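Everything on this sheet refers to the single structure shown next.
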Amino acid sequence: MRYDVIVVGAGFAGSVVAERLSARNKKVLILENRNHVGGNAYDYEQDGILIHKYGPHIFHTNSDKVFEYLSQFTEWYDYRHCVLGHIQNKTVPIPFNFASIDDCFHADQAERLKTALIKEYGRNARVPIMELRKSRNPDVNALADFVFENVFKYYTMKQWGLTAEEIDSGVTARVPVRLSYKDGYFDDKYQVMPKRGYTALFKKMLQSNNIEIRFGVNAKELISLDAEGIKFNGEPFKGSLVYTGALDELFDYYLGELPYRSLDLVLEKNNGTFQKAATENYPGKESQYPFTRITEYKHFMENEPADITYIHTEYPLPYNKDAEKGNIPYYPVFTDDNQKMYKDYVEMAKSYPNLILLGRLAEYKYYNMDSIVERALLKASNM
Ligand SMILES: Cc1cc2nc3c(=O)[nH]c(=O)nc-3n(C[C@H](O)[C@H](O)[C@H](O)COP(=O)(O)OP(=O)(O)OC[C@H]3O[C@@H](n4cnc5c(N)ncnc54)[C@H](O)[C@@H]3O)c2cc1C
Numbered sequence: 310m311r312y313d314v315i316v317v318g319a320g321f322a323g324s325v326v327a328e329r330l331s332a333r334n335k336k337v338l339i340l341e342n343r344n345h346v347g348g349n350a351y352d353y354e355q356d357g358i359l360i361h362k363y364g365p366h367i368f369h370t371n372s373d374k375v376f377e378y379l380s381q382f383t384e385w386y387d388y389r390h391c392v393l394g395h396i397q398n399k400t401v402p403i404p405f406n407f408a409s410i411d412d413c414f415h416a417d418q419a420e421r422l423k424t425a426l427i428k429e430y431g432r433n434a435r436v437p438i439m440e441l442r443k444s445r446n447p448d449v450n451a452l453a454d455f456v457f458e459n460v461f462k463y464y465t466m467k468q469w470g471l472t473a474e475e476i477d478s479g480v481t482a483r484v485p486v487r488l489s490y491k492d493g494y495f496d497d498k499y500q501v502m503p504k505r506g507y508t509a510l511f512k513k514m515l516q517s518n519n520i521e522i523r524f525g526v527n528a529k530e531l532i533s534l535d536a537e538g539i540k541f542n543g544e545p546f547k548g549s550l551v552y553t554g555a556l557d558e559l560f561d562y563y564l565g566e567l568p569y570r571s572l573d574l575v576l577e578k579n580n581g582t583f584q585k586a587a588t589e590n591y592p593g594k595e596s597q598y599p600f601t602r603i604t605e606y607k608h609f610m611e612n613e614p615a616d617i618t619y620i621h622t623e624y625p626l627p628y629n630k631d632a633e634k635g636n637i638p639y640y641p642v643f644t645d646d647n648q649k650m651y652k653d654y655v656e657m658a659k660s661y662p663n664l665i666l667l668g669r670l671a672e673y674k675y676y677n678m679d680s681i682v683e684r685a686l687l688k689a690s691n692m
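The numbering of the sequence shown is the working numbering, which starts it at 310 and goes up by one.
Structure below.
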């Protein structure tokens with residue numbers, strides 16, 4: 310088969326583009342390193358429980374367009390994600406909210422703090438912790454110190470290997486302090502899970518005869534970039550190459566390695582039920598809790614089995630492509646130096662007009678699933 314488009318990676322970025330182009334009768338080849346579709350959203354069933362191999366994935370979006378598009382490939386069930394945090398021997402709602410204040414302070418002090426917060430930011434506001442720390446009101450400031458110390462400081466250091474001040478402020482702003490009793494981790498219009506899991510969704514998305522997928526293939530084995538352009542199997546390739554892998558790898562680390570954080574995800578089987586919420590955070594010091602969070606997968610399910618459970622404990626660590634643990638690049642590390650190196654790679658990529666960079670690795674950016682689907686739909690419509 311002659312291919313109009315080669316897509317590297319069968320995660321959301323690559324799969325959405327492949328599906329959209331195949332529907333326009335383009336011949337698409339997908340090259341996927343792993344032996345399965347779905348990228349980091351891949352899930353599989355064990356003892357009747359769907360396990361997310363690369364860490365918990367909860368679907369949430371405000372986009373009607375993304376929800377309707379994905380609904381062609383799956384039915385959904387409603388799922389509201391709740392997270393608890395283990396703080397000073399108590400288990401409190403995360404994001405930190407008025408119920409968390411009630412749990413952590415005496416009643417009169419809690420009332421004073423809530424009143425001061427509402428006065429300064431308004432009822433129902435969502436305030437990033439770094440914003441809260443700038444307050445000149447002594448009550449708000451004391452609360453900000455408490456939340457920073459107990460919820461963000463060590464969690465950020467464990468997760469990123471950097472202090473909250475060193476990392477881009479957008480990272481800590483993802484989990485704001487909520488000035489209300491509203492719980493639930495997300496506020497989006499759609500908070501759902503695919504009825505038969507993500508892998509089933511991907512399989513349906515990629516079933517066109519116009520799509521060929523080769524698993525267990527690193528694209529670098531078949532694709533090369535040189536002064537003459539893109540080559541596939543040693544021959545010039547004039548179609549589009551949609552690349553969703555890491556950009557430094559594509560250019561053989563010519564400008565250096567882009568830093569990522571990785572995770573050691575430890576899966577355990579237990580009897581009964583392990584914890585109350587689907588995800589529970591452990592934001593204490595590394596010496597107390599060397600991990601960040603534990604997810605219990607059966608709480609994601611429509612019908613939870615009672616007798617058995619699987620949990621994932623997440624131990625963050627630096628990415629090292631050659632190491633036994635931590636060899637998956639999960640999160641780009643947002644610092645100015647790293648962004649500069651990434652931009653220099655993008656300049657190199659501009660020499661190849663038929664090379665399209667898409668996805669969390671190729672764009673060195675954290676995307677939620679809905680954002681990358683939206684972006685892939687847009688890219689495909691312009692191809
Ligand atoms: C631990 C964790 C939890 C998350 N939880 C959520 C969540 O709850 N909700 C949410 O909306 N989002 C979540 N996300 C984000 C979500 O995973 C991303 O939005 C999504 O994976 C992005 O899709 P992608 O296609 O860009 O990348 P990926 O899913 O990583 O897919 C890229 C694919 O390319 C393949 N590949 C890379 N290089 C090559 C190569 N050289 N040759 C061949 N194949 C290659 C990889 O094997 C991979 O399959 C989470 C992310 C992580 C890391």
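Cβ atoms here follow ideal geometry from the backbone N, Cα and C, with glycine treated the same way. Remember, it's a predicted structure, so these values are computed and weren't measured experimentally.
Would DSSP call residue i helix, strand or coil?
i, result
"histidine 608", "helix"
"proline 545", "strand"
"aspartate 694", "Given that the chain is displayed from residue 310 to residue 692, the structure contains no residue 694 and the question cannot be resolved."
"aspartate 653", "helix"
"glutamate 440", "helix"
"lysine 428", "helix"
"isoleucine 637", "coil"
"arginine 684", "helix"
"proline 625", "strand"
"arginine 421", "helix"
"leucine 572", "strand"
"leucine 559", "helix"
Compute every distance between the C-beta of residue i and the non-hydrogen atoms of ligand 1, then say whether any falls below 7 Å.
i, result
"tyrosine 640", "yes"
"aspartate 679", "yes"
"glutamate 558", "yes"
"lysine 374", "no"
"alanine 319", "yes"
"phenylalanine 368", "yes"
"arginine 329", "no"
"threonine 622", "no"
"threonine 553", "yes"
"alanine 416", "no"
"tyrosine 676", "yes"
"arginine 311", "no"
"asparagine 579", "no"
"lysine 467", "no"
Are residue i and residue j closer than 8 Å when you measure CB to CB?
i, j, result
"methionine 439", "serine 478", "yes"
"leucine 686", "tyrosine 499", "no"
"serine 549", "asparagine 663", "yes"
"glycine 348", "alanine 319", "yes"
"threonine 553", "proline 365", "no"
"tyrosine 640", "arginine 570", "yes"
"methionine 502", "phenylalanine 609", "yes"
"leucine 765", "tyrosine 654", "Absent from the structure is residue 765, since the part of the chain shown begins at 310 and ends at 692."
"tyrosine 591", "histidine 415", "no"
"asparagine 527", "asparagine 342", "yes"
"alanine 473", "phenylalanine 461", "yes"
"leucine 564", "methionine 650", "yes"
"leucine 576", "tyrosine 624", "no"
"lysine 688", "leucine 667", "yes"
"phenylalanine 321", "valine 682", "yes"
Could you pull the DSSP bridge partners for residue i from this structure?
i, result
"asparagine 590", "Gly394, Arg602"
"tryptophan 385", "Pro503"
"glutamate 458", "None; glutamate 458 has no bridge partner."
"threonine 370", "Tyr499"
"lysine 578", "Tyr619"
"glycine 538", "Asp535"
"arginine 523", "Leu340"
Does the region 577 to 586 come into contact with the region 618 to 629, if we say contact requires no fewer than three beta-carbon pairs (one atom in each stretch) closer than 8 Å? yes
Counting Cβ pairs closer than 8 Å, one from the region 405 to 423 and one from the region 484 to 501, do we hit at least three? yes
So, do the region 521 to 536 and the region 330 to 345 have three or more beta carbon pairs nearer to each other than 8 Å? yes
Determine, using beta-carbon pairs with one atom in the region 539 to 549 and one in the region 356 to 373, whether at least three such pairs fall under 8 Å. no
With three or more C-beta pairs closer than 8 Å as the rule, is the region 416 to 427 touching the region 369 to 383? no
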